[in-house]
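Undergrad: In order, the protein sequence lines correspond to chains P and C. Per the numbering used here, the very first residue in the first sequence carries number 152; after that it's consecutive. Per the numbering used here, the very first residue in the second sequence carries number 13; after that it's consecutive. Even glycine gets a Cβ: it sits at the ideal position worked out from N, Cα and C.
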Amino acid sequence: MSKFEALQGNEAVATAMRQINPDVVAAYPITPQTSTVQKFADYVSDGLVDTDFVTVESEHSAMSACVGASAAGARVMTATSANGLALMWEIVYIAASNRCPIVMSLVNRALSAPINIHCDHSDVMGIRDSGWIILFSENGQEAYDNLFQAVRIGEHPDVLLPVAVCQDGFITSHGMERVEIFDDADVKAFVGEYCPQWPLLDLENPKTMGPLDFYDYYYEHKRQQVEAMENTQAVILEVAEEFNRKFDRNYGLFEPYRLEDAEVAVIAANSTAGTAKVVVDRLRDEGLKVGLLKPRVFRPFPAKELADALSHLKAVAVMDRSVSFGAMNNAGPLFLEMVAALTLHGVQVPVADYVYGLGGRDILPREIEQVYRDALKMAETGQAERLVTYLSVRE
Amino acid sequence: MEQKGWRDIPIGGMILEAGNAVEYLTGGWRAFRPIRGEAECIHCMQCWLFCPDSSILIDAENEEMAGFDLDHCKGCGICATICPVNAKVIKKAGEELERDDPRLCIRIVEEGKVEE
């Protein structure tokens with residue numbers, strides 16, 4: 152039987168880690184994921200997990216230890232955020248390239264400078280080309296649920312890639328909410344045992360990992376990573392299907408909210424999607440046909456599925472909690488990929504980008520409502536008044 | 013060596029067969045070649061100990077240094093640097109010697125200038 156608890160997002164993640172009981176966790180506490188690692192360290196001290204908990208001197212070392220442990224054949228997890236992730240960056244690529252199915256809880260927040268510890272998505276966008284699978288979570292519950300699925304997705308023999316499970320720094324990482332905690336045995340049955348195919352600790356079959364790879368083979372190994380990403384979407388859906396059946400959920404590649412008969416939609420990831428749902432309900436009460444699309448899987452980017460889900464709309468507004476400085480029109484990364492997806496799949500609809508909430512700046516329902524009203528106007532005129540708006544920045 | 017496609021090689025650059033570095037012939041990287049004066053060699057095995065490419069050939073039965081594995085030797089010259097006979101020759105000469113000086117036990121000769 153599952154039970155309901157009042158938990159912060161980080162505590163929900165730490166609870167999931169306890170239930171997964173990974174072989175190795177190597178982590179360095181950095182704001183705002185600190186409480187995940189702190190709570191998990193309690194579980195280690197209290198003997199509630201069998202995990203070898205490696206305390207390291209930096210995030211670069213944390214990910215290095217994870218890669219080593221994963222290569223050895225262990226089920227490995229870590230947690231990080233923002234500049235911690237930035238410091239890991241070199242090894243983040245190595246984890247994916249060495250095909251280590253490490254699962255990382257990533258609490259999204261702004262990158263320095265200026266120094267800021269609050270929420271935005273700059274950190275995760277920095278690893279979007281690294282070869283990691285990236286999942287977004289609206290709240291602690293989704294971060295909890297996604298973590299179990301991440302283990303299964305990453306370790307699937309057709310995939311063997313690391314997975315980052317994101318949630319919003321402080322907004323949900325430290326926000327207390329009602330979280331359904333599953334029975335330990337049910338989680339154990341769902342995640343199963345990890346059976347690595349090529350563990351270094353298989354001494355009967357000595358092998359080498361991470362060797363030199365020149366112009367003669369490096370490219371072929373990159374091509375294999377592409378193939379793994381190609382395989383990932385089907386695995387994500389397969390794992391979600393099993394998870395949904397077992398735990399009564401409705402996970403897919405993204406969550407449409409009152410989208411079916413909508414004329415305009417907003418695309419927003421993580422916690423902002425939760426706020427946007429309230430706005431959608433309010434505007435629906437006014438008789439306005441508005442909907443929401445909440446991305447769950449950012450890597451691999453489900454371009455065709457997203458385009459199909461948006462093909463009936465008259466206007467689309469994308470909300471980006473980060474900026475791709477110097478990119479087309481200085482837009483956000485989510486917008487850039489959405490525009491590419493829509494264009495490629497022949498969905499001709501006016502689109503606009505709304506950069507918001509950088510460095511933890513609050514995003515209020517009335518601001519999201521303004522985005523919807525802009526989108527309704529776009530639907531009417533057939534074009535966006537401005538391609539990129541920096542929402543609620545002071546002039 | 014025939015190069016394989018991406019479907020036919022282990023993922024992530026893994027090498028699943030132990031000790032197959034021997035199949036990778038690195039001798040072609042060499043710009044300098046070590047040449048040993050057989051008469052001078054005292055078979056101390058210092059070169060065998062220090063060679064980073066395991067390219068010192070050994071006559072195990074007679075416990076002797078037997079030459080260089082030129083299929084793998086990259087010509088780094090560590091063997092000549094560590095050679096105690098070379099040290100003795102230099103000390104005796106009382107001056108700096110060229111690396112290909114004929115008085116040395118292990119000489120380092122430019123590949124183009126090697127007399128086969």
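1) Can you check whether the CB of Ala178 (chain P) is closer than 8 Å to the CB of Thr229 (chain P)?
2) With a threshold of 8 Å between beta carbons, is Asn249 (chain P) in contact with chain C?
3) Among residues of its own chain, excluding the 5 on either side of Asp203 (chain P), which ones have a beta-carbon nearer than 6 Å to its beta-carbon?
4) From which residue to which residue does the alpha helix (DSSP H) around Arg48 (chain C) run?
5) Is Leu572 (chain P) close to chain C? Criterion is C-beta to C-beta, closer than 8 Å.
6) Counting only Cβ pairs nearer than 8 Å, list the residues of chain P close to Met77 (chain C).
7) Go through its chain and collect everything with a Cβ distance to Asp319 (chain P)'s Cβ below 7 Å, but skip five positions before and after it.
8) For Cys117 (chain C), which option in C:Lys125, C:Glu127, C:Gly124 and C:Thr93 has the closest C-alpha, if you only look at C-alpha atoms?
9) Can you name the residues of chain P whose CB is closer than 7 Å to the CB of Trp18 (chain C)?
10) Between the stretch 434–441 of chain P and the stretch 394–404 of chain P, do three or more beta carbon pairs fall short of 8 Å?
11) With distances taken Cα to Cα, identify the nearest neighbour of Ile285 (chain P) among P:Ala530, P:Glu389 and P:Ile304.
12) So, helix, strand or coil for Asp71 (chain C), using DSSP?
13) By DSSP's criteria, Glu122 (chain C) is part of a beta bridge. Which residues make up the other side?
14) For the alpha helix (DSSP H) that contains Lys100 (chain C), what are its first and last residues?
15) Does Pro484 (chain P) come out as helix, strand or coil in the three-state DSSP assignment?
16) What residue does the alpha helix (DSSP H) around Gly160 (chain P) start on, and which one ends it?
17) Whose Cβ in chain C lies nearer than 9 Å to the Cβ of Gly361 (chain P)?
18) Helix, strand or coil: which one does DSSP assign to Thr202 (chain P)?
19) Under the DSSP definition of a beta bridge, which residues are partnered with Glu456 (chain P)?
20) How should Arg48 (chain C) be labelled, buried or exposed, when 16 other C-beta atoms within 10 angstroms of its C-beta is the threshold for buried?
21) Does the separation of the CB atoms of Ala101 (chain P) and Pro313 (chain P) fall below 8 Å?
22) Quick one: which chain P residues come within Cβ less than 9 Å of Ala43 (chain C)?
23) Less than 8 Å between the beta carbons of Ile519 (chain P) and Thr426 (chain P), yes or no?
24) Any beta-carbon of chain C closer than 8 Å to the one on Trp283 (chain P)?
TA: According to the structure shown:
1) As a position in the first sequence, residue 229 (chain P) is number 78, starting the count at 1. As a position in the first sequence, residue 178 (chain P) is number 27, starting the count at 1. Yes, they are a contact pair.
2) Mapped onto the first sequence, residue 249 (chain P) falls at position 98. Yes, its Cβ sits closer than 8 Å to a Cβ of chain C.
3) Position 52 of the first sequence, counting from 1, holds the residue named residue 203 (chain P). Cβ neighbours of Asp203 (chain P) beyond the five flanking positions: Val175.
4) Here the question's residue 48 (chain C) lines up with position 36 in the second sequence. Arg48 (chain C) -> not in any alpha helix (DSSP H); beta strand (DSSP E) instead, spanning Phe44 to Arg48.
5) With chain P covering 152 to 546 only, the question about residue 572 (chain P) has no answer from this structure.
6) For the purposes of this step, residue 77 (chain C) is taken as residue 65 along the second sequence, with counting starting at 1. Within chain P, no residue has its beta carbon less than 8 Å from that of Met77 (chain C); the closest one is some 29 Å off.
7) Working through the first sequence from its first residue, we reach residue 319 (chain P) at position 168. Take Asp319 (chain P), set aside five residues on each side of it, and the residues of its chain with a beta-carbon closer than 7 Å to its own are Asn259, Cys270, Asn421 and Ser422, in chain order.
8) Locating residue 117 (chain C) in the second sequence gives position 105, where the first residue counts as 1. Closest by alpha carbon: C:Thr93.
9) Position 6 of the second sequence, counted from the first residue, corresponds to residue 18 (chain C). What Trp18 (chain C) touches in chain P: Glu371, Arg374 and Gln375.
10) Flag = no, the stretch 434–441 of chain P and the stretch 394–404 of chain P do not touch.
11) Translated into the one-based positions of the first sequence, residue 285 (chain P) becomes position 134. For Ile285 (chain P), the nearest C-alpha among the options comes from P:Ile304.
12) As a working note, residue 71 (chain C) is residue 59 in the second sequence. Reduced to three states, the DSSP call for Asp71 (chain C) is strand.
13) By 1-based counting over the second sequence, the position of residue 122 (chain C) is 110. As DSSP reads the structure, Glu122 (chain C) sits in a beta bridge with C:Phe44.
14) Locating residue 100 (chain C) in the second sequence gives position 88, counting from the first residue. Element bounds for Lys100 (chain C): Pro96 to Ala105.
15) Against the first sequence, residue 484 (chain P) aligns to sequence position 333. The DSSP-derived three-state label of Pro484 (chain P) is helix.
16) Walking along the first sequence from the start, residue 160 (chain P) turns up at place 9. Here the alpha helix (DSSP H) through Gly160 (chain P) covers Gly160 to Ile171.
17) Taking the first sequence and counting its residues from 1, the one referred to as residue 361 (chain P) is at position 210. Against Gly361 (chain P), the close residues of chain C are Gly24, Gly25 and Met26, in the order they occur along the chain (beta-carbon pairs closer than 9 Å).
18) Position 51 of the first sequence, counted from the start, is the residue given in the question as residue 202 (chain P). Coil, per DSSP.
19) Walking along the first sequence from the start, residue 456 (chain P) turns up at place 305. Beta-bridge pairing by DSSP links Glu456 (chain P) to no other residue.
20) Along the second sequence, read from residue 1 onward, the residue named residue 48 (chain C) stands at position 36. With 16 or more other Cβ atoms within 10 Å, it is buried.
21) Missing from the structure shown is residue 101 (chain P); chain P here goes from 152 to 546 and no further.
22) Position 31 of the second sequence, counted from the start, is the residue given in the question as residue 43 (chain C). Simply none; closest approach about 18 Å.
23) As a first step, residue 519 (chain P) must be located in the first sequence, where it is residue number 368. As a first step, residue 426 (chain P) must be located in the first sequence, where it is residue number 275. Cβ distance < 8 Å, so Ile519 (chain P) and Thr426 (chain P) count as in contact.
24) Taking the first sequence and counting its residues from 1, the one referred to as residue 283 (chain P) is at position 132. Trp283 (chain P) has a beta carbon lying at 8 Å or more from every beta carbon in chain C.
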